[in-house]
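To keep things clear, I will list the structure first and then write my remarks on it.
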Amino acid sequence: MDPIDLDHVLTVLGAAAWGPDEQSRARVAAGLALTVYDGHTRDQGTPYLEHPLAVVRLLRTEIGVQRPETLHLALLHDALEVSPESEALLVHHLGGPFTARLRDMTADHRLEQRRKSDGDETRWRAKQAALPPEDLLVRLADRLHNLRDLAASPNLDRRRRFLQTLGDFHLPLADAARDLGPHLETMHARLHAEYVHHIQEVRP
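In the working numbering, the protein residues as written are 182 to 385.
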């Protein structure tokens with residue numbers, strides 16, 4: 182795999198095809214991603230940045246998303262989850278409105294750097310259900326990549342909980358949103374098909 186440096190992130194974003202202002206913002210977003218995710222790993226032991234990059238790639242190549250701001254959102258969608266203290270940095274470089282969207286995509290207990298407690302799951306589901314279409318698309322792309330990567334997770338309980346939540350919440354959410362635009366329609370089809378395939382594969 183190529184080293185994950187600024188040029189690599191910009192390549193995954195497809196920034197070379199954008200205008201000068203968009204390329205400039207892309208360099209800022211890419212630099213922030215390298216900073217914020219640095220030193221963090223997923224439970225598989227892989228560098229955390231590989232995940233948001235995979236979500237960006239999925240949106241571009243499979244769903245057909247071209248809008249730079251959507252791809253920036255995908256790149257940084259977990260920034261406040263892994264590094265809540267980076268919020269001021271994100272506001273300074275990418276603005277309050279963009280960072281507010283990231284907050285809306287992040288569970289409250291992550292933002293508050295505390296353990297999950299009673300009521301957090303209900304509030305988190307309500308937060309996701311209230312996302313505007315573009316932000317919901319990013320969240321569902323995150324779910325799709327996590328589903329594809331699930332077999333690599335050593336945490337069997339996490340895998341079980343992920344599939345349960347996907348089946349009883351995210352898939353119905355994707356189904357309800359599929360008429361909001363062609364990207365969400367395609368995302369629903371991909372997520373549903375891969376969920377069914379995964380369940381059939383693991384079924385005894």
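Yeah, the Cβ is synthetic: ideal placement off N, Cα and C, and Gly gets one too.
On the criterion of 16 or more Cβ atoms from any shown chain inside 10 Å, does residue i qualify as buried, or is it exposed?
i           : result
residue 385 : Caution applies to residue 385, whose pLDDT of 46 falls short of 50 and renders its modelled position unreliable; the model cannot decide the point.
residue 299 : exposed
residue 326 : buried
residue 206 : buried
residue 323 : buried
residue 374 : exposed
residue 329 : exposed
residue 184 : exposed
residue 235 : buried
residue 196 : buried
residue 209 : exposed
residue 201 : exposed
residue 242 : exposed
residue 380 : exposed
residue 246 : buried
residue 251 : buried
residue 187 : exposed
residue 237 : buried
residue 335 : exposed
residue 282 : buried
residue 211 : buried
Of the residues the options, which one's Cα is nearest the Cα of residue i?
i           : options               : result
residue 362 : 381, 244, 290 and 334 : 244
residue 199 : 336, 232, 249 and 216 : 249
residue 216 : 257, 309 and 312      : 257
residue 352 : 335, 340, 339 and 371 : 371
residue 293 : 310, 304, 306 and 265 : 265
residue 230 : 295, 219 and 308      : 219
residue 228 : 240, 238, 214 and 320 : 214
residue 333 : 224, 211, 187 and 190 : 224
residue 307 : 354, 378, 278 and 337 : 354
residue 254 : 368, 279 and 273      : 279
residue 239 : 277, 194 and 348      : 194
residue 321 : 221, 347 and 378      : 347
Just list the residues that DSSP pairs residue i with in beta bridges.
i           : result
residue 228 : 222
Ranges of the beta strand (DSSP E) found wholly within the region 297 to 368, counting only runs of at least 3
Entirely contained in the region 297 to 368, not one beta strand (DSSP E) run reaches 3 residues.
Taking 8 Å as the threshold, find out whether the region 260 to 273 comes into contact with the region 287 to 297 through three or more Cβ pairs.
Touching, yes.
Is it a yes or a no for the region 329 to 338 touching the region 309 to 316, going by three-plus beta-carbon pairs under 8 Å?
These segments do not touch.
Segments of 3+ residues assigned as beta strand (DSSP E) that fall wholly inside the region 186 to 217:
Fully contained in the region 186 to 217 is no beta strand (DSSP E) run of length 3 or more.
With a floor of 4 residues, list each alpha helix (DSSP H) that falls wholly inside the region 233 to 284, ordered by position along the chain.
Runs found: 249 to 256, 260 to 263 and 268 to 275.
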